[in-house]
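If you read the sequence shown in UniProt numbering, its first letter stands for residue 1, the second for the next number, and so on.
Note that beta-carbon positions come from the ideal geometry of N, C-alpha and C, so glycine has one too.
Down below is the structure, laid out as structure tokens.
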Amino acid sequence: MPGMDDAREEDDGARIDAIAGEIAAERRRQVTRWGRQDHPSIGPAGAEIFGPVVGRWKAINDARMESGAHSWDAILLEEVFEALTEVDPARRRAELVQVAAVAAAEIEAIDRFGVLRRGPLVSPDELAANLGRFTVLDVRYLMGGPPGREQHLAGHVAGAAYVDLDTDLADPPGEGGRHPLPDPARFEAAMRRAGVRADRPVVVYDDWQGRAAARAWWLLRHHGHDDVRVLDGGWSAWLQDGHPVEAGEVRAAPGDFTVAATPQMPVVDAADVLTADVLIDARAPERYAGETESVDPVAGHIPGAVNVPTTENLDERGRFRSPARLRAAYARVGADTAGSVAVYCGSGVTAAHDLLAMEVAGIRAALYPGSWSGWITAPERPVERG
């Protein structure tokens, strides 16, 4: 009896055959309309014409890919440019086959996910129109508030499975802070219970202005899921926009998500956090300055850190600002041009909100998971106030 991998290979083969059939049909339409055309390559002149363009693009694209900013359009352009500069017919043919393969991969992605705007955010209307295409996770959580599960049972997005921040998205408090990163095996098991699949996009939401949802987004991305989105505006926006809800417990079909062997999102520890070119503290200004501290036993911030509180990421409706506005906000602290950027908060949860905002803005940054609560577990570590 074929296993899951065999079935997936059969599905992949069927999709590729279907795309190949569409390509053949389109080629027949072209021949019918314009006849069989023979346009010769410009030969060696192509290398002279396209070579400088290819060089510049590859440098830009390589830097983006090294930072983890992968996209089908960037990969497709790189393959096209490489084909245009290839003079040898056999090698050019091989390059063009690669172009077709990458184009087919993007076609598959469109078929699977629709023509949705790609990126780390999804609007309530987009989610409502494509609800059946997503695995939806309810990660509602409020520090010091009632358990999110009670809110989930009272009402949630249809089909959304509940995920608990304290037990599923964090390990118990300790030297790693109040919310250490969860053990990978435990996180994998929690995501499978919630129905997360490797081949199905995920949407996460909360009712805490996206802070808990950002933690879930970051962890899934960190452990290898390549399509995770945060519901922009969260549960409040879902209700405000008039979308339907359901109540009661959701028992999701088990997922197959497997954590990646190599982490996909950058992390720094206490030994390295001071070496970041830009270190960002995502907490409220009064906690950053050490004027008040209602959560942790020591007030202040890590020396050299600059303050970009999570509230600056949102507009007056509680939704994320535009990429341009976010980029300008982080440019004010030098994050847009820095060689390395790290972010922390109180326990490594709300820092993910700044990381998400920078992802929207096209800026790559690392998380310091222990954050302030982990930093102060060692009395010898320096503290600044003001």
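Legend entry - Cβ neighbours of residue 390 in the same chain (closer than 8 Å, five flanking residues each side left out): Outside the modelled stretch of the chain, which goes from 1 to 386, sits residue 390, for which no answer is possible.
Inset, instruction - Quick one: which unbroken beta strand (DSSP E) runs of 3-plus residues sit fully inside the UniProt domain "Rhodanese" (278 to 384)? Chain order, please. - result: When DSSP assignments are scanned along the UniProt domain "Rhodanese" (278 to 384), the uninterrupted stretches of beta strand (DSSP E) that are 3 or more residues long and fall wholly within it turn out to be 278 to 281 and 341 to 344.
Legend entry - Own chain partners of alanine 104 with C-beta closer than 6 Å, once the 5 adjacent residues on each side are dropped: Ile19
Inset, instruction - Just confirm the distance between the C-beta atoms of aspartate 183 and valine 163, as a whole number of angstroms; I'd bet it's less than 8 Å. - result: Between valine 163 and aspartate 183 the Cβ distance is about 15 Å, and since that is not below 8 Å, they are no contact.
Legend entry - Other residues of its chain near tryptophan 218: CB distance less than 8 Å, five sequence neighbours each side excluded: Met265, Ala352, Leu355, Leu356 and Leu367
Legend entry - Assigned exposure category for valine 97 - 16 Cβ within 10 Å defines buried: Under this definition valine 97 is an exposed residue.
Inset, instruction - Return the chain-ordered ranges of every beta strand (DSSP E) run that is complete within the UniProt domain "Rhodanese" (130 to 247) and spans a minimum of 3 residues. - result: 135 to 138, 202 to 205 and 228 to 231
Inset, instruction - Between the Cα of aspartate 173 and those of Thr262, Gly374, Asp241 and Asp206, spot the shortest distance and give me the residue it belongs to. - result: The residue you asked about is not aspartate; residue 173 is proline in the sequence shown. Nearest option by C-alpha distance: Gly374.
Legend entry - At least three beta-carbon pairs within less than 8 Å, the region 236 to 247 to the region 180 to 200: no
Inset, instruction - Evaluate contact between the region 203 to 219 and the region 75 to 94, counting only Cβ atoms and requiring at least three cross-stretch pairs below 8 Å. - result: no
Inset, instruction - Please list, in chain order, all residues of the same chain as alanine 252 whose beta carbon is under 6 Å from its beta carbon, the five residues on each side excluded. - result: Ala161, Ala194 and Gly195
Inset, instruction - Starting from valine 122, follow its DSSP beta bridges and name the residues at the other end. - result: Leu231
Legend entry - For valine 102 and leucine 76, believed in contact at Cβ under 8 Å, the rounded distance: 5 Å
Inset, instruction - Return the chain-ordered list of same chain residues with a C-beta closer than 8 Å to the C-beta of alanine 185, the five sequence neighbours on each side being excluded. - result: Val259
Legend entry - Given valine 333 as reference, the closest of Asp168, Ser322 and Val308 once Cα atoms are compared: Val308
Legend entry - Top-ranked residue by Cα proximity to serine 236, from Ala129, Arg317, Ala331 and Ala170: Arg317
Inset, instruction - Go ahead and pull the three-state DSSP assignment for valine 102. - result: helix
Legend entry - Straight-line gap, valine 341 to alanine 276 (C-alpha atoms, nearest Å): Taking the straight line from one Cα to the other gives about 6 Å.
Legend entry - Three-state secondary structure assigned by DSSP to valine 87: coil
Legend entry - Alpha-carbon spacing of glycine 29 relative to aspartate 227, whole angstroms: Per the sequence shown, the amino acid found at residue 29 is arginine instead of glycine. Each residue's alpha carbon lies about 35 Å from the other.
Inset, instruction - Thinking histidine 156 and serine 347 are a contact (beta carbons under 8 Å), I'd like their distance in whole angstroms, please. - result: At roughly 25 Å, the Cβ-Cβ gap does not stay under 8 Å, so histidine 156 and serine 347 are not in contact.
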